[in-house]
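Written out below as structure tokens is the structure these notes cover.
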Amino acid sequence: MLPDITKIRKDFPILRQKVNGKPLVYFDNAATTQRPLQVIDRVNDFSLKTNANIHRATHFMANKTTEAFEESREIVRQFMNADEVAEVIFTHGTTESINLVAYSFGVAFVRAGDEVIVSEMEHHANLVPWQMMCERQGAILKVLPFNDNGELCIELLDDLITDKTRIIAVAHVSNTLGTVNPIAEIILKAHLQNVPVLIDGAQGAAHFNVDVHALGCDFYAFSGHKIYGPTGIGVLYGKRKWLDQMPPFLGGGEMIDKVTFSGTTYNQLPYKFEAGTPDYVGAIGLAAAIQYLQGLDRQVISSYEQDLLTVATLKLKQIDGLRIYGEAPLKTGVISFNIAGIHPFDLGTLLDQLGIAVRTGRLCADPVMDHYGVENMVRASFSFYNTLDEIHAFYKALIRLKTMF
Amino acid sequence: MTIDEIQQEIVEEFSGFEDWMDKYAYLIEIGNELTPIDPKYKIESNLIRGCQSRVWLHQEFAGGIIVFEAESDALIVKGLVALLLRIYSNRTPLEILNSEPRFIDEIGLRQHLSPTRSNGLLAMVKQMKLYALAYEKISSKK
Numbered sequence: 001m002l003p004d005i006t007k008i009r010k011d012f013p014i015l016r017q018k019v020n021g022k023p024l025v026y027f028d029n030a031a032t033t034q035r036p037l038q039v040i041d042r043v044n045d046f047s048l049k050t051n052a053n054i055h056r057a058t059h060f061m062a063n064k065t066t067e068a069f070e071e072s073r074e075i076v077r078q079f080m081n082a083d084e085v086a087e088v089i090f091t092h093g094t095t096e097s098i099n100l101v102a103y104s105f106g107v108a109f110v111r112a113g114d115e116v117i118v119s120e121m122e123h124h125a126n127l128v129p130w131q132m133m134c135e136r137q138g139a140i141l142k143v144l145p146f147n148d149n150g151e152l153c154i155e156l157l158d159d160l161i162t163d164k165t166r167i168i169a170v171a172h173v174s175n176t177l178g179t180v181n182p183i184a185e186i187i188l189k190a191h192l193q194n195v196p197v198l199i200d201g202a203q204g205a206a207h208f209n210v211d212v213h214a215l216g217c218d219f220y221a222f223s224g225h226k227i228y229g230p231t232g233i234g235v236l237y238g239k240r241k242w243l244d245q246m247p248p249f250l251g252g253g254e255m256i257d258k259v260t261f262s263g264t265t266y267n268q269l270p271y272k273f274e275a276g277t278p279d280y281v282g283a284i285g286l287a288a289a290i291q292y293l294q295g296l297d298r299q300v301i302s303s304y305e306q307d308l309l310t311v312a313t314l315k316l317k318q319i320d321g322l323r324i325y326g327e328a329p330l331k332t333g334v335i336s337f338n339i340a341g342i343h344p345f346d347l348g349t350l351l352d353q354l355g356i357a358v359r360t361g362r363l364c365a366d367p368v369m370d371h372y373g374v375e376n377m378v379r380a381s382f383s384f385y386n387t388l389d390e391i392h393a394f395y396k397a398l399i400r401l402k403t404m405f
Numbered sequence: 001m002t003i004d005e006i007q008q009e010i011v012e013e014f015s016g017f018e019d020w021m022d023k024y025a026y027l028i029e030i031g032n033e034l035t036p037i038d039p040k041y042k043i044e045s046n047l048i049r050g051c052q053s054r055v056w057l058h059q060e061f062a063g064g065i066i067v068f069e070a071e072s073d074a075l076i077v078k079g080l081v082a083l084l085l086r087i088y089s090n091r092t093p094l095e096i097l098n099s100e101p102r103f104i105d106e107i108g109l110r111q112h113l114s115p116t117r118s119n120g121l122l123a124m125v126k127q128m129k130l131y132a133l134a135y136e137k138i139s140s141k142k
């Protein structure tokens, strides 16, 4: 069964525009997704009618906004199947969520000589905060490698974990390779040795039903703007048992209980980790995005995205000199590649002239570039509002552009 | 010819192109024709690393003139580098300091000089100006 793409694309008016005189083909969804009208309208409506700061005043608009904000939190809780709203923290994105855990968990639990495990395929957001924490706490960063096919070397994980391992951080889905990692298995192995796991869900949350209860992950982070919501809002899910023991990350208003010059006490969860005025407009937009997604048949959508990936992979492999990085058996619609003799920047620039938006560069994953011994890559990433016609146009464009080199 | 006269020349060369493909094909051609930088100058200290492409810039100062050699691993950037060398190499520091590469905007390629850290081009222009500034200061002290 196919989704009604024509109907869906009507929800995303931004897709109707022309770029450089050509119809836009938006293949940069791993960088950010587009927002449906339902999200845009919700955000505009809110700004037109109800805007006030939350958890502070008690006037009408403040109450309505606070209600809407906390309702959004409950919508996210349900979306993730978290046990309680106290475990759902609003942040400004995946990067901030991971920095929060790296810092606070680090202060609470990581000492000199301890170990932290990340994988070789991590986005810098799930690598650099751990490097910084290890430097601060005198801990050692260990790396779980991946093979040329783009799969994590899971068989090495048991030996990598020692009695000094304090936490493992790994991506749900790789932003470069598209690999869907076996996070359930990783969590199981880690828990058998009493090691908590943080999952970077930036690329995963849009494509999968994330059930943190079933997964058992200790932390799960994702961003609003990668799941058809606004920028500036993100989520950190954390098990209460960890969050209760972690000190605050940012200090300021809201996260306190009482402030005096001789000492300050902190608020309860989730507010302990929500200093300052949150992006409550963003949170409301995120909730609208989640509701939009839940209004679609996610199975059908997912299956369609797989079709796009399959067709695109088949077509691209027909191109002489084209190499795809990462061909794991289970992938989302992300294809990073290079064409021999053509620099990704040149290809990306010319594709742009044809209205086709892809990402080029190091994809915020230097270790992945180093693994394959390349400086940059081209990345096409799909979403359920892309079409097979767009894939064919992409293929034809690549063939045509090849002749310029 | 002055820097501005060469810029005008470049703008005229590009005005003949109506099709973006022809414009970029020409840029790629210029890039391909650019004399490669001497390998011994392709060193870390001459590298301007952008995350989209890399640019190497080497300079020598003699007789009051700065000579630049440069290269990029991306062809389109190499083409733009060739044009920048055309206006900025073999110039006095003052000439370099007193002009802006406005031709890039006028040939419709402004996005390649965008102030991100991406393709190294803007950083290269800044670096050329820094060299000019340094040599101007050294010269004026004599």
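So the protein lines, in turn, are chains A and B. Here the first sequence is numbered in my numbering, starting from 1 and rising by one per residue. Here the second sequence is numbered in my numbering, starting from 1 and rising by one per residue. Glycine included, every Cβ here is placed at the ideal spot set by N, Cα and C. Keep in mind the model is a prediction, meaning the values are calculated, not measured.
DSSP three-state call for residue i: helix, strand or coil?
i: M377(A); result: strand
i: T265(A); result: strand
i: V43(A); result: helix
i: E462(A); result: Not covered by the structure: residue 462(A). The range shown for chain A is 1 to 405.
i: S383(A); result: coil
i: R400(A); result: helix
i: L363(A); result: coil
i: P39(B); result: helix
i: E122(A); result: coil
i: L47(B); result: strand
i: N98(B); result: coil
i: D22(B); result: helix
i: R111(A); result: coil
i: D200(A); result: strand
i: V116(A); result: strand
i: S139(B); result: helix
i: Q59(B); result: strand
i: L109(B); result: coil
i: L130(B); result: helix
i: A74(B); result: coil
i: N63(A); result: helix
To the nearest angstrom, report how far apart residue i and residue j are at their CA atoms.
i: G150(A); j: T332(A); result: 12 angstroms
i: N32(B); j: K315(A); result: 30 angstroms
i: I290(A); j: M121(A); result: 27 angstroms
i: L144(A); j: L215(A); result: 20 angstroms
i: Y228(A); j: F27(A); result: 14 angstroms
i: G282(A); j: D73(B); result: 40 angstroms
i: D158(A); j: W242(A); result: 23 angstroms
i: P93(B); j: Y131(B); result: 8 angstroms
i: R166(A); j: E327(A); result: 31 angstroms
i: S72(A); j: L37(A); result: 18 angstroms
i: N29(A); j: M369(A); result: 20 angstroms
i: P230(A); j: S119(A); result: 28 angstroms
i: L15(A); j: T313(A); result: 23 angstroms
i: G285(A); j: D45(A); result: 11 angstroms
i: I168(A); j: L293(A); result: 30 angstroms
i: A340(A); j: V110(A); result: 45 angstroms
i: I6(B); j: V67(B); result: 16 angstroms
i: Y385(A); j: R400(A); result: 25 angstroms
i: A62(B); j: Y135(B); result: 10 angstroms
i: P101(B); j: Q268(A); result: 57 angstroms
i: V358(A); j: F222(A); result: 22 angstroms
i: F12(A); j: T6(A); result: 10 angstroms
i: I76(B); j: L83(B); result: 11 angstroms
So, under 8 angstroms CB-CB, residue i and residue j are touching, yes? Tell me the CB distance rounded to an integer number of Å.
i: E96(A); j: G251(A); result: Not confirmed; about 15 angstroms, so no contact.
i: T360(A); j: G373(A); result: Not quite, the Cβ-Cβ distance comes to about 17 angstroms (not below 8 angstroms), so this is no contact.
i: K226(A); j: T33(A); result: 6 angstroms
i: I89(A); j: P247(A); result: Not a contact, Cβ separation roughly 14 angstroms.
i: L309(A); j: N175(A); result: Wrong, their Cβ atoms sit about 15 angstroms apart, outside the cutoff.
i: Y88(B); j: E69(B); result: Between E69(B) and Y88(B) the Cβ distance is about 11 angstroms, and since that is not below 8 angstroms, they are no contact.
Only counting the same chain, and skipping five residues up and downstream in sequence, which positions put a Cβ closer than 8 angstroms to that of residue i?
i: L160(A); result: I117, K142, L144
i: T50(A); result: M61, K64, T65, A68
i: V39(A); result: Y228, G229, P230, G285, A288, A289, Y292
Residues in the same chain with beta-carbon distance under 6 angstroms from residue i, minus the five sequence neighbours each way, listed in chain order, please.
i: Y220(A); result: I199, G201, V212, Y237
i: L350(A); result: L401
i: I98(A); result: A125, N126, P129, A221
Considering only residues of the same chain and omitting the five flanking positions on each side of residue i, which have a CB-CB separation below 7 angstroms?
i: Y266(A); result: P248, M255, I256, D257, K272
i: S407(A); result: Chain A is shown only over 1 to 405; residue 407(A) falls outside these bounds and no answer can be derived.
Open item on the list: For a minimum of 3 consecutive residues, which ranges assigned as the beta strand (DSSP E) are wholly contained in the segment 76-104 of chain A?
Closed with: 88-91
Open item on the list: I'd like the ranges of any beta strand (DSSP E) spanning at least 3 consecutive residues and lying wholly in the segment 150-184 of chain A.
Closed with: 165-171
TODO: Give, in chain order, every unbroken run of the alpha helix (DSSP H) that is at least 4 residues long and sits entirely within the segment 220-280 of chain A.
DONE: 240-243
Open item on the list: As an exercise, report each continuous beta strand (DSSP E) stretch of at least 3 residues that is fully enclosed by the segment 276-332 of chain A, in chain order.
Closed with: 322-325
Open item on the list: Please identify, using Cβ separations under 8 angstroms, the residues of the segment 4-36 of chain B that lie next to chain E, in order along the chain.
Closed with: No chain E is part of this structure, whose protein chains are labelled A and B.
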